[in-house]
Structure formats: structure tokens, C-alpha cells
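Just so you know, the sequences run in chain order W and L. Residue numbering for the first sequence follows this note's numbering, starting at 1 and increasing by one per position. Residue numbering for the second sequence follows this note's numbering, starting at 1001 and increasing by one per position.
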Amino acid sequence: MKTNTLKRWIVVIIIWGGVVFLLFWNSGIIDDAVDAKQRKISVEQERLYVETHTDQINAALQQYRSIRQPVEALNIGLFELEKYLKHNATRFDLQQFRFDNQMAENERVLISVFLTGSIDNALNWIALTEKECPHIQIRKISLSLDQKREQALFSFDLLYRYRLATGSANES
Amino acid sequence: MRKSISGSTPVIVVHDDCLHIAVSDSKNHMNRLEKISLADFLDDSGPAVKRHLDKGSYRKSLLVVPTFWFGNAAYTLPSKKQSHIQAYLDRKLTSEHPLLSEITDYYGYYLLTNDDQKAQIYSYYLQEPSAYAIYRKAMSLNMGIPYITTPAYLCAHAVHKRQNEFSKDGKCIIHLLTTTCYLYFFNNGNFIFERNVTLPESVVSGEERLGVVTYEINQSLYFFSQETKSTVSAFYLLSTTGESTSEISSQLDKTVYDLSDVAVNKSNIDFEKDMGPATAFLNDDLTPAARMLTILPKKIKTELTWKPVQLTGIICGIFLFAVLLAESVFIWNQTTPIIDAARSSESQYKTARDTIRDYSNALDYLIAEKNRYSASDIIEKIAYAMPDNMWARKVSIDLEKQTHIRLESILIAGDENQLQPTLNAMIKGFNTNFKRDNLLSMNGIDFKPDETSTLKNTFVVSFDFNL
């Protein structure tokens, strides 16, 4: 009798265990289906969005890519940059041009530029650099005017952003 | 070949140290299947007991044991809770019958109706140790679930079914068989005691038989009045031998109700001597379904109580399982195409998500760039903000995180009265050019005379601010 009772309890537990299992199983399948449907809708919406905003996306990506100058090697990039900045300094009658660079990290190099000249000429130099070099970010400017207020000593901390054309690791 | 019976009850009767397995059919005819001595029945190495009936027929059977194998007692308790009563009875019976280790498994009870707040309980129990062994052996032989009862309770049930007044006051049932007479005394429907009167064979006439019986009844009435402090108000005659109530009534000078015609089975007189008083009952009065007072072991009672719950649980569980299984199959069939389609579209249009992510990153960066202040613009504004008699000697512009500007200027005032207006003009110029109301204020400006200058009223003015 006791054995029969125990057997019946085991049967009850097994059956109801199966019931609970199926309950959660079905719930899981339904949740998966709902998620899948949501994902599909979301994917479709993303696809449509990309299709309808292709121009804006491409423009933004193009502009983003322009923030980093493509170079074949860092040395070449720095050389060209120095040459360009020095040329502009000469163009705007700025003297004692000096170009120093520090260790490169994550395709960025900190550069220090020193020059002397009038504030107006220096302003032109800065404006031109900001306009033509989106890959250069001016971090800090210091200037000190001489007694006669004619010439100022300028010091610039610039961030040069580049990307190697081959995509390999970089060093300064 | 084992028989299958329906409408009949297997009856196991213990009488005179013998055990009889019989079946009472719907025609009230008792068919004895086996007779075996108690010793042989309980002896595992003794002769095997045949299974005369199939298992289904033994589902509920009756085990009729001699009345003196049952004991009874009344108790008063302060609580009517079932758990309290059972605990009390377990303790009480164990203490009163220390040699009967299994007595707490073989008892029953019911509440007596009373007006007191306390509970009065009538308990009845098996006090014969061999009864426990007989029961266990019957269970091991798969003789179903025997409900244990006695001829006294069978009588009480037979009479009570036919006489509503039986459960009031003192009553006596005279169960008159061919060679024996059983006297059962009840008080308010509760069994008190039994007396057996063996009728000697030398007594032939009915009058002589009744004389013996009435003598014993009178002796017992005195005992009854001592036990219960009440008297017997009526007698009930169940006779297989045809005595009339008028004879007994005249001898006892009491009312005697004759229920022999409606409650007595006269078909089994042949077995009466062997099997005792159990043979004298109708088939309807012999089935456990008739609800006479019976004892079931506590464990079996518990198991029987749980059985319907378990069966209900199993049936409901199977039904729910089937429904949920069908639901699983349906859901699986419906959702598999949806999930597959989603996976396929995800892999197909993965680049769109990557493009959007790149676009978002690009926008964040471009917006941050756009929000940066232009260095040339700042310098120009500083220049225009300076009054004519002021010029910046040192300027430091930090554009890295938050735009921070530090200035050290030289102010040449014509006289001391020009200092304040010049500073005010400078503050106004900065606030206007940088379009901030509170960019600069006098509190934030530090000025002191310029020691290095040869001119009078020359001051070094220092301040800084954030954009």
C-alpha cells in the first residue's frame, strides 16, 4: 500500500514536472518568436533608413574620414605637415618657426609649434590652418607680447590625427 | 480459476480460532470459499491460502472479528480539534495498554453530541494482538482493504437503519442464533458491552431457550445500570430461530421490537455454528459501504484519504500535459518560419547595422568637433574686447577639454579715476563679444600696479574664465 502510494506520488511529480516544463518551454518559444519578429522589423527599418539616407550617411562618413589624414608612413606625414606649416608661416611673415613632435599613440601625435610675429599674421596663420587642416586640432595656444607690442611669441599644442594607408601599426 | 463478483462482498470471519473466507451474494446467500485455522493462516510456512477471487473483487472487504476483540472508552477533552484528539488518544491508549504496541494504529473515534463546550469522545480500538497479525497477513495476500468490524457493530447498524429511536437511551439487541445468543448493550447508540449465552443442547423448547436468555438479560441489566447509570428502555430481537417477541416481552416485562423479518438472514443457518453471528446478516448490511462502525489502520486511512487527491492530480496533470504538448507542437510549427526568416534577414542585412553604427560614431565625433571653439575666433574676440588703453601681454587658451582662457593685460590709465571705467569697459566688451552676461565681473579680476613700467598709473590686470 505504501509502495502504491509512493508510486502514485512519483507519477504525480513526473506528470506535473512535465507540465511545468512544457509551460516554460512554450513560453520560451513564444518569447523567441516575438524577439525574432522584433529583430526582423528592426533590421528592415535599419535597411530602409540606410537606403533613404545614403547621401547624408556617406557625407558624414566622408567628413569623418577626412579628420584623419591618410599617410603611407607617419614620418612622411609629419614631414609634409611641417613643410606645410612652415610654408604658411613664411607666407604670413612669421619667424623663428620651430616644429616638435612627441610619441605617437592610437594614430595621433602631439605636436608643438613655436613662432613669432604679429598677432594679425598669426591669426591668419591659425585661421588658414583651421580651415585647410581638419586633421589638425589646436589644443592650446600661448602668446606673450613684447614690450613694444609689435611682436608676439606664439606657442601651439597641436594634435595631428592620421591613419596609415596600409592599416598597419604606427610609430613616431 | 478465480471468480469475479459484483454486488457481493468478500467477508473474512474470525470465529472460534478459525478464519473463514466467504462471499455474500445479492441473494443473501453466503458462499464459504475457505476455512483455515488461525494458526495456519498466520504461519508463513503453513498451508498456502488460496486466492479464490481476483484482485478487483477484493477491493473492499469486511473482516469480522469477535466483539470482545474490540474495546471502547469515553474521554473528555477541552479541544475538539482533530489533531488534538488524535494526539490525546495516542497517548491515552498507549498508557492504558502498554503491551499493545500497535494499538495506536487500530482505533477510531467520534464526537458524542453534548451541550458542553468540551469534547466528549467515544473511542473504539482493537485490543487483540492477533488481530493486527491477521490484518497484515490479509493485506500481504492482496485481499484488498479489509474494514474491521464486529457482530455488535453490524447489529447496531442493522437496527439503527430500521429504527430511528435506537440512538437514544439504553438499548439491548438480542441476537438469537441456533446455539448461541448474543446480547449487545448500547447507551445513546454507543456500544457498552456484550454477553454471550451458549444455549445448551439439552434445551429443546423455545420457552426453555428464552428462559436462559432472559435470565442472562436480567443479570446484565444490573451491570448495565451500574456502568451507565441508566436503564434499558427497549430491546430488539434479531432471531434466526423464529421466537416471537411476545414471549420475550412477557418474560422481561419490557418492549421488544422484532426485526428478524427485515434484518436477519436465515439462508446461512448451515454455516452459523462454524462462522458465528456474521452469517445472520443481510448482504446489504455486510458491505463496508453500509457505513457501520469499522476500524481501518491509521496509515491505510491516510493513504486512502490521499488516493483521490493523487488520482485527481494525475488526471488533471495528464490532461494539462496533453493540452500543453499540443500547444507546443502548434507553436513550434508557427514560430519556426518566423525565427528562420529573422535569422536570414539579420545575416543578409548585417552591413546596414554596421553602417548605422559607423554613421552614429561619425556624427558624435563631428558634433563634438563643431562644438569646439575656434582658436582664431577667440583671439579676435579678445582683441576687440580690449579697450584702447589696454593690451594683452600674455594670453593662454586651453581648448583641450573645457575652453579655458587666462589673460594678463597691461592697463594704462591717464589718472586713477580712469581705472574703474576702463575695467568696466573691458568687462562689458568681453561679455558682449563672447555673448555671455556673466562671463566676467569685477570680483574675478586681479590688478596691481605694474612695477616694471616707467609710466604712471600702469596696472597689470589678470583674470581667467571658462567658455
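C-beta atoms are modelled at their ideal positions from N, C-alpha and C, and glycine is treated no differently. Being a predicted model, the structure only gives us computed values, none of them experimental.
Sub-8 Å separation of isoleucine 1148 of chain L and leucine 1063 of chain L beta-carbons:
Yes, the pair counts as a contact, with Cβ atoms nearer than the cut-off.
Interface residues of chain L around glutamate 150 of chain W at Cβ under 8 Å?
Here the premise fails: no neighbours, minimum Cβ distance about 11 Å.
If the criterion is Cβ atoms closer than 8 Å, does the pair leucine 153 of chain W and threonine 116 of chain W meet it?
For leucine 153 of chain W and threonine 116 of chain W, yes; Cβs fall inside 8 Å.
From this set, L:Ala1156, L:Ala1234 and L:Ala1133, which residue's C-alpha is nearest proline 1297 of chain L's C-alpha?
Ranking the options by Cα distance to proline 1297 of chain L, first place goes to L:Ala1133.
Find out if the Cβ-Cβ distance for the pair glycine 1189 of chain L, glutamine 1127 of chain L is shorter than 8 Å.
In this structure, the beta-carbon distance from glycine 1189 of chain L to glutamine 1127 of chain L does not fall below 8 Å.
Among the residues of its own chain, which have a CB less than 7 Å from the CB of isoleucine 67 of chain W, if the five just before and after it don't count?
Cβ neighbours of isoleucine 67 of chain W beyond the five flanking positions: Pro134, His135 and Arg161.
Determine which residues share a DSSP beta bridge with isoleucine 141 of chain W and list them.
Note: isoleucine 141 of chain W sits in a beta bridge opposite W:Phe156 and L:Ile1397.
Does the CB of tryptophan 1069 of chain L have a neighbour CB from chain W at under 8 Å?
Not an interface residue.
Just to confirm before moving on: does the CB-CB distance between isoleucine 1356 of chain L and isoleucine 1378 of chain L stay below 8 Å?
No. Outside cutoff.
Can you tell me whether DSSP reads valine 34 of chain W as helix, strand or coil?
Residue state, collapsed to three classes: helix.
For the stretch 5 to 27 of chain W, list every residue whose C-beta sits within 7 Å of some C-beta in chain L, in sequence order.
For the stretch 5 to 27 of chain W, the residues whose beta carbon sits under 7 Å from a beta carbon of chain L are, in order, Thr5, Arg8, Trp9, Val11, Val12, Ile15, Trp16, Gly18, Val19, Leu22, Leu23, Trp25 and Asn26.
Any beta carbon from chain L within less than 8 Å of tyrosine 84 of chain W's own beta carbon?
With its beta carbon at least 8 Å from every one in chain L, tyrosine 84 of chain W lies outside the interface.
Please compile the residues from chain L whose C-beta is within a distance smaller than 8 Å of the C-beta of alanine 89 of chain W.
Scanning chain L for C-beta atoms nearer than 8 Å to the C-beta of alanine 89 of chain W yields nothing, as the closest lies near 15 Å away.
Here's the rule: buried if 16 or more other CB atoms are within 10 angstroms of the residue's CB, otherwise exposed. What is alanine 1158 of chain L?
Under this definition alanine 1158 of chain L is a buried residue.
Please go through the same chain and pick out, in chain order, the residues whose beta-carbon is closer than 6 Å to the beta-carbon of aspartate 1169 of chain L, but skip the five residues on each side of it.
Here the set comprises Ser1233.
Got a sec? Which residues, its chain only, sit under 8 Å from isoleucine 1248 of chain L by beta carbon, not counting five neighbours each side?
Once the five neighbours on either side are set aside, the close Cβ partners of isoleucine 1248 of chain L are Ile1174, Leu1210, Val1213, Thr1214, Phe1235, Leu1237 and Val1256.
Do leucine 1293 of chain L and tyrosine 1109 of chain L come within 8 Å of each other at the CB atom, strictly closer than that value?
No, the Cβ-Cβ distance between tyrosine 1109 of chain L and leucine 1293 of chain L is not below 8 Å.
If we ignore side chains and look at the alpha-carbon of each, how far apart do leucine 1440 of chain L and phenylalanine 1447 of chain L end up?
Whole-angstrom Cα-Cα distance: 14 Å.
Go ahead and pull the three-state DSSP assignment for asparagine 1190 of chain L.
In the three-state DSSP reduction, asparagine 1190 of chain L falls in the strand class (E or B).
For asparagine 124 of chain W, which residues of its own chain have a beta-carbon under 7 Å away from its beta-carbon, when the five flanking residues on both sides are left out?
Annotation for asparagine 124 of chain W: Phe92 place their beta carbon closer than 7 Å to its own, counting only its chain and skipping 5 residues before and after.
Leaving out the 5 sequence neighbours to the left and right, which residues in its chain are closer than 8 Å to threonine 90 of chain W when beta-carbon positions are compared?
Correct list, in chain order: Phe97.
Using 8 Å as the limit for Cβ to Cβ distance, is methionine 1001 of chain L near chain W?
Residue placement at methionine 1001 of chain L is poorly supported in this model, since its pLDDT is 44, which falls under 50; the coordinates still yield a value, given next. Not closer than 8 Å to any Cβ of chain W, the Cβ of methionine 1001 of chain L fails to qualify, so no.
If you run the structure through DSSP and keep just helix, strand and coil, what is glutamine 69 of chain W?
In the structure shown, glutamine 69 of chain W falls within a strand segment according to DSSP collapsed to helix, strand and coil.
Classify lysine 1242 of chain L as buried or exposed, calling it buried when 16 or more other Cβ atoms lie within 10 Å of its own Cβ.
Lysine is not the amino acid found at residue 1242 of chain L; the sequence shown has glycine there. Exposed, by the Cβ-count rule.
Run through chain L and tell me which residues come within less than 9 Å of tyrosine 162 of chain W, C-beta to C-beta.
The premise fails here: tyrosine 162 of chain W is roughly 15 Å from chain L at the closest Cβ pair, so nothing lies under 9 Å.
Consult DSSP for threonine 1076 of chain L and reduce its assignment to one of helix, strand or coil.
Note: threonine 1076 of chain L maps to strand in three-state DSSP.
Under a CB-based cut-off of 8 Å, is isoleucine 1012 of chain L close to chain W?
The beta carbon of isoleucine 1012 of chain L sits no closer than 8 Å to any beta carbon of chain W.
Give, in chain order, every residue of the stretch 1363 to 1390 of chain L whose Cβ lies closer than 9 Å to some Cβ of chain W.
Listed in sequence order: Leu1363, Tyr1365, Leu1366, Glu1369, Arg1372, Ser1374, Ala1375, Ser1376, Asp1377, Ile1378, Ile1379, Glu1380 and Ala1383.
Please name the residue or residues paired with methionine 1030 of chain L in a DSSP beta bridge.
The beta-bridge partner set that DSSP reports for methionine 1030 of chain L consists of L:Ser1024.
Can you find a C-beta in chain L that's less than 8 Å from the C-beta of serine 144 of chain W?
Interface residue, yes.
Distance check for asparagine 1333 of chain L and methionine 1001 of chain L, CA to CA, integer angstroms please.
The predicted model places methionine 1001 of chain L with a pLDDT of 44, which falls under 50 and marks its position as unreliable; any figure quoted below should be read in that light. Cα-Cα distance, rounded: 53 Å.
Please list the residues of the stretch 1301 to 1326 of chain L that have a C-beta atom closer than 8 Å to any C-beta atom in chain W, keeping them in chain order.
Within the stretch 1301 to 1326 of chain L, the residues whose Cβ lies closer than 8 Å to any Cβ of chain W are, in chain order, Glu1303, Trp1306, Lys1307, Gln1310, Leu1311, Gly1313, Ile1314, Gly1317, Ile1318, Leu1320, Phe1321, Leu1324 and Leu1325.
From the DSSP output, which residues share a beta bridge with cysteine 1181 of chain L?
When DSSP reads this structure, cysteine 1181 of chain L sits in a beta bridge with L:Leu1176 and L:Val1197.
Considering only the alpha carbon of each residue, which of L:Tyr1182, L:Pro1066, L:Ser1344 and L:Ala1119 lies closest to lysine 40 of chain W?
The alpha carbon of lysine 40 of chain W has as its nearest neighbour, out of L:Tyr1182, L:Pro1066, L:Ser1344 and L:Ala1119, the alpha carbon of L:Ser1344.
With DSSP as the reference, please indicate the residues paired to glutamine 1120 of chain L in a beta bridge.
DSSP output for glutamine 1120 of chain L lists L:Thr1076 and L:Leu1112 as bridge partner(s).
Thinking C-alpha only, which one of L:Phe1271, L:Thr1067, L:Arg1136 and L:Thr1104 is nearest glutamine 1196 of chain L?
Note that residue 1196 of chain L is asparagine in the sequence shown here, rather than glutamine. Distance check between asparagine 1196 of chain L and each of L:Phe1271, L:Thr1067, L:Arg1136 and L:Thr1104 places L:Thr1067 closest, using alpha-carbon atoms only.
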